[in-house]
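Structure, as structure tokens:
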Amino acid sequence: MTRISTLRPSLVGKLNERQILRVLQTRGPLTRAEVARHSGLSAPTVSKAVGNLLDAGLLEERAAEFARGRPAAKLRLASARVQVLGVVIDVGHCSVVSAGFDGVLHPDSRTFPTPPTYAKLLDALAKHCEERMGKAGIETMGVGVSVPGLLDSATGRGVLSPNLPITNGRAPAADLGDRLGILGTAVQESHALCLAEKHYGRAVGMEDYAVLDVGAGVGLGVMNGGRLLKGHSGLAGEIGHLTVVVEGGRPCGCGNTGCLETVCNEAAFAGRVGRKLGRPVTADEAIELVRSGRGPLAAELHETAVYVSVAMAAVLNLFNPKTVFVHARLFDADDTLFERVVELTKARALPPSVADCALLRAGGTKQQGAVAGIVQQLTDAVADHVQSM
Ligand SMILES: [Zn+2]
């Protein structure tokens, strides 16, 4: 999964530089003195390493603030001369975006329907990435790829994607990186949401939180003590495949029946809406019906809210997070739905677990998570294992 050969090999081996990049990714723009304080490095060491990073175009320094009457230039991750790419592979649509090393997305996001085969998927992703790599004077340092389903964290290879089987046995980030001649890193989509929340969303500085994703599937990322809970081989968090309908449940893409996903995801909601309307309805159409307020869908929304609360209560009881973020398009369509989920979760979860836990809507996106994944891969100890996420 990690190939750094194309990338400033003289810098990536240097611990002090990596430490400084890491501090700036986590804390945002800082003065040199603040970098020294947060990194634990001496002022002369910071000065030398910062000089190397400025020369390499990985940092920028902007005179801005006045501290005790003196101007204090702030160091920040570069956005003028370097960029990274963020790719989201999802069941219905894929998207490609570029961003500064500081994680700020450029306004060039492109979304397109997910192609039917892996070869076509790779062709489409490479084409859209190449379009974003052609900017004069800007070097593209790597591509982060958010991948649905179960992902082997050591190889970046899809193990089992119940909703998008074309990625099974494939390593899309490595394959795309090879095509583009840049570093590619894969991030499981729920983990991508965790990283997005940590770096660019509402979990900045938080150590213990979880992100529940209710979309084409139902996924979970758990940050425990500042580390992403990955399990033995990166497969942890598959809450969507918890059996909740023991007999007579609908078939799930994983091969089982009655999984939480089959009653909780967007397709399940679309199924309820379709039965009400007496015709097949896609997930996009069902969500649009909610958004436009057409058709009384209260019962269908309530049933979905009940199952989301089952997932939420399980997360609270199992992991005791300080905050649970929920990422779901359905909540964007109906503002009252999330409040209902919160009420149902509070009634269902163990009272001590819920008493000290905030339930919030997620602020981050998978695009940001893909970008965070590659920036972290670039700033992190490169040969280090990814548990440090
Ligand atoms: Zn399943």
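Counted the way the working numbering counts, the sequence shown spans residues 3 to 391. By construction, the Cβ of each residue, glycine as well, lies at the ideal position given by its N, Cα and C atoms. Remember, predicted model here, so these are calculated numbers, not experimental data.
With 16 or more other Cβ atoms from the protein chains shown falling within 10 Å of its own Cβ, S41 counts as buried.
V48 sits away from E63, with the two beta carbons spaced by 9 Å or more. Judged by the Cβ position, P323 fails to qualify as a neighbour of ligand 1 at the 8 Å threshold, every heavy atom of the ligand being at least this far.
Counting only the Cα atoms, P118 lies some 10 Å from V93. Assignment of V292 by DSSP, reduced to helix, strand and coil, places it in the helix class. DSSP places T306 outside any beta strand (DSSP E); the residue lies instead in the alpha helix (DSSP H), whose first and last residues are A300 to F321. Every residue whose Cβ sits closer than 5 Å to any heavy atom of ligand 1 is listed here in chain order: H243, C254, C256, N258 and C261.
Leaving aside the five residues that flank G365 on each side, the residues in its chain whose CB is nearer than 6 Å to its CB run, in chain order, G203 and R204.
Straight-line measurement puts the Cα of A75 at about 18 Å from the Cα of S44. Nearest Cα to S192 within the set Y211, E209, G221 and V343: G221.
The way I'd put it, the segment 285-296 doesn't touch the segment 307-322; fewer than three beta-carbon pairs between them come closer than 8 Å. Under the three-state reduction of DSSP, D210 is assigned to coil, being neither helix nor strand. Just measuring C-alpha positions, the residue of G207, C96 and G160 sitting nearest T28 is G207. Excluding the 5 residues flanking it on each side, T381 has same chain C-beta neighbours closer than 7 Å at R20, L23, R24 and Q27, in chain order.
P115: member of the beta strand (DSSP E) spanning R112 to P115, first to last residue. A direct Cα-to-Cα measurement between R252 and C261 gives close to 8 Å. Listed in chain order, the non-local C-beta contacts of G228 below 7 Å within the same chain comprise E209, local neighbours out to five positions each way being set aside. DSSP, reduced to helix, strand and coil, places I91 within a strand of the structure shown. Taking C-beta atoms as the reference points, N165 and G146 fail to come closer than 9 Å.
Residue range L185 to Q190 is occupied by the beta strand (DSSP E) that includes T187, with no alpha helix (DSSP H) assigned at that position. Within the DSSP bridge table, the entry for Q85 names G102 and T142 as partners. The three-state secondary structure of D215, taken from DSSP, is strand. Bridge partners of H329 according to DSSP: D215. DSSP, reduced to helix, strand and coil, places N226 within a strand of the structure shown.
Here K232 carries a coil assignment [DSSP, helix/strand/coil].
Inclusion of Q190 and G242 in the CB contact set at 9 Å is not warranted, their separation being larger than that value.
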